[in-house]
Each structure stands twice: as structure tokens, then as C-alpha cells.
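Numbered by our numbering, the letters in the sequence shown go through residues 2 to 71 in order.
Here a beta-carbon is modelled for each residue, glycine too, at the ideal position from N, C-alpha and C.
None of these values were measured; they are calculated from a predicted model.
Input: a single structure, listed below in C-alpha cells.
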Amino acid sequence: MIFLRHHQMHFRPIDPLGDGLGDEIAAERNEPEAIRDLAEPLDADMLQRRWSVLLEEVKSDPEWFEFAND
């Protein structure tokens, strides 16, 4: 009675970091500007200056657009 035998399929667990993502995350954590500890208060002025610079860099991108203007 072979058809009464219990068969189970087994799959190897998926490793979400197995495609190199883990290496990218480790590299980002080692960058000098990486956020280390969120327990310490952030300097609001420094954060505002940094985001302003980033926003200007993005706006200079030729593919930048604003929804309100389109």
C-alpha cells in the first residue's frame, strides 16, 4: 500500500540577505555619515542644512519634476 505512505516536501529557508543585500547594509553602516545612535538628540539646524543641500542636488537632476508644475 504505497499510496498510504506520508510524503512531505521540504524547502530551504529563504535568506533575504543572500543576494548581496547584507553586504550592502554592512557597507552603509560603516560609512562615516551613518546614523549610529538614535537615542542622542539630533541637531535640528544641522539636519535642516543637510536636507537643504540634498534637496538642491535633487532639483539639479535633469529628471527632477514637481507634481504641481506638471
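Item                                                                                                                                              : Value
My output table needs one value for Asp38: the three-state DSSP class, helix, strand or coil.                                                     : coil
What do you reckon, are the CB atoms on Val59 and Trp52 nearer than 7 Å?                                                                          : no
Rounded to a whole number of angstroms, what is the C-alpha to C-alpha distance between Asp20 and Ala27?                                          : 13 Å
Which residues in the same chain have their Cβ closer than 7 Å to the Cβ of Asp62, if we skip the five residues on either side of it in sequence? : none
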